[in-house]
Each structure stands twice: as C-alpha cells, then as structure tokens.
Amino acid sequence: KTLDRAKKVIRFRFSTPVVLRLIACLWFVVANTGFAAEYRVAHCLKGCPIEMNAGNQLIARAIYALSFNSDRGAADWLAYRMRPGALGIATSLSRDWVDDSDLPGLEQTIAVQDQSAEALGLIRARLIPLVSVAATPYWHEANLLSASTLRTVNLDRGAWSGLEWSLRNLVNRRGDVYVVTGPIYGPEPDPSHEPSTAETDLPVAFFKLVATPSGALSVFRFDQAFGVYLHHCEARSTLAEIETETGLQFFPDWERAEFGRETLDTQLGCR
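Read in order, the letters of the sequence shown are residues 166 to 436 in the numbering used here.
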C-alpha cells in the first residue's frame, strides 16, 4: 500500500552501464512515514557527506561515489570501501587519464587547471589509489579525470603514499574499512575557521577519514607542503576540524555519541 501511494521520483545521473551501477552502488527504500523515497549509496558508511553546494552532481560508480563540483571542476569528496579482495598489483595497469563521459567538457577544464598547476609544482593525482582496486574489473574508474585532483609531488609520494600503504596492511589484517577523502580549499594552508567559497582557490590540503562499521575512526589532514620526510601520523586531525574547513557533514546517519570513541591510529602505525 505504501509503495502504491509513493509518488516522489528522485533522479540521479549514473555512468554506464546503468544496471551495474544500480546493483553495485544504490538501492531505494520507501519510508513508512511521509511516503518519501530515501537512498543509500553503498560506498558511503552511514550516509554520504552532506554539503553546502546543492548544485553538486552525485556520481556513483562500481568502486566509489563522488560529489562533483562543476564550479570548481573537481570532486569535493570521494568515498569508497577498501576490501581485501579488491587490493592488487597495479604494475601492468594503465595509468593514463581517461575523460569522463558523464561530465562533458571536463577534459578542457582539466587542461586549463593543469597549465596553472604546473607553475605551482602540482601534479594530477588520484583520489582513490589504483592499487586499492587493482584486483577488480573496474580499476579503470580510478583513472577517470573526475576522480583526480592536484597535489604536490612530495605529498603524493611521501606521507600520502605511506598512509595508503598502512591502510592496505590494515585491510589485509582486519577486513573492510570505509574511506572518505577530498581536497580542502583556501588562500592559506593553515586550518581555516570556515570553508572557502572562492572558485579559483586551489587545494591547500587534503583530508582522509578512515572508519569501520563498529564506529572506529581515524582522521588525517595533509597540507600540500607536508614534508616528504614526515610520517603520516603527524597529519592526524579531528572530524570537527575537517567539517569546519570543508563545510561537509560526514557520516550523517551516525549518532555522534556512539561514533569515534575508538580510533584506528595504532593499527595504522601511529602511537
């Protein structure tokens, strides 16, 4: 009866093949009250981040979900689940960037961004590591330009890479974890008390949240200038700080009193 009376239609834009994306990433549940349709994205633990920019485009793929900000020409966040069976060796896999058919014109936008970035010592880098999905048939989705960002070489090959290595070890030992990552914008690299709204700002830092269904959470914030010799544990931060800087609300379906009491710091090599 509830299903018959539910009239609301929610439209999403999915990359092809549509059926696979629906099976892998999204399912709909009709609420018992208000006859409203709710959605859940499987890559997002306890709900995808709630954001200020209502014009963002939610794109759900086989191995991740992201929120694309067309004003900036980049994703505000990307969420994925790390699974032991998805980890693999990426040596023989292509690392060439691929245009995103869901976002016409993105390739031109990226080309303009890269011209400016090169003068600042920034490189095009992945938000989701290829190695973390190398054993899946959908590893090529990590090469899509919509899942890329601008990062310094020292950060990309230093502490950021070190955290990824520790994450893979953690997943191999204890099983699935959920990750939400993305850029932090602003005129200065120092933590800000409010999110940047300037579309011309480049990423000054990056966040990475690592969580488990049991409520354990570790939070990291890396400045672009983070030294290549520094350990990723020196980039530990708090959920409140990241939410303040980005304007995002993470894990919205989680009761805060029950969330984050434990961390994964020790298991990620931090004392």
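Each residue gets a CB set at the ideal place from its N, CA and C atoms; glycine is no exception.
Exposed unless 16 or more other CB atoms sit within 10 angstroms - verdict on residue i
i           : result
residue 241 : buried
residue 349 : buried
residue 394 : exposed
residue 217 : exposed
residue 261 : exposed
residue 172 : With a pLDDT of 36 at residue 172, under the threshold of 50, the predicted position of this residue should be treated as unreliable, and no value is reported.
residue 418 : exposed
residue 220 : exposed
residue 318 : exposed
residue 420 : exposed
DSSP bridge partner residues for residue i (one or two, in chain order)
i           : result
residue 228 : DSSP lists no partner for residue 228.
residue 350 : 368
residue 343 : 246, 376
residue 239 : 234
residue 401 : 385
residue 290 : 314
residue 263 : 309
Which listed residue (the options) has its alpha carbon closest to that of residue i
i           : options            : result
residue 284 : 304, 267, 395, 367 : 367
residue 401 : 395, 386, 390      : 386
residue 296 : 307, 381, 347      : 307
residue 250 : 210, 428, 298      : 298
residue 213 : 246, 237, 239      : 246
residue 398 : 341, 278, 263, 372 : 372
residue 327 : 281, 435, 426      : 435
residue 345 : 414, 266, 431, 300 : 414
residue 288 : 411, 389, 384      : 389
Alpha-carbon to alpha-carbon, residue j and residue i
i           : j           : result
residue 233 : residue 223 : 6 Å
residue 259 : residue 302 : 13 Å
residue 235 : residue 226 : 18 Å
residue 264 : residue 270 : 9 Å
residue 341 : residue 238 : 31 Å
residue 231 : residue 255 : 22 Å
residue 274 : residue 422 : 42 Å
residue 252 : residue 425 : 26 Å
residue 304 : residue 282 : 26 Å
residue 375 : residue 330 : 13 Å
residue 396 : residue 243 : 23 Å
residue 127 : residue 294 : Examination of residue 127 is not possible in this model, given that the chain is present from 166 through 436 alone.
residue 133 : residue 404 : Only positions 166 to 436 of the chain appear in the structure, and residue 133 is not among them; the question remains open.
residue 204 : residue 215 : 13 Å
residue 347 : residue 277 : 20 Å
residue 408 : residue 280 : 30 Å
Assumed close pair residue i, residue j - CB separation to whole angstroms, cut-off 8 Å
i           : j           : result
residue 229 : residue 312 : 7 Å
Beta carbon proximity, residue i to chain D, threshold 8 Å
i           : result
residue 372 : Note that chain D does not occur in the displayed structure, where there is just one protein chain.
Residue i CB to nearest heavy atom of the ligand SAH below 7 Å
i           : result
residue 286 : Summarising the ligand content, the structure contains no ligands, and the ligand SAH is consequently not present.
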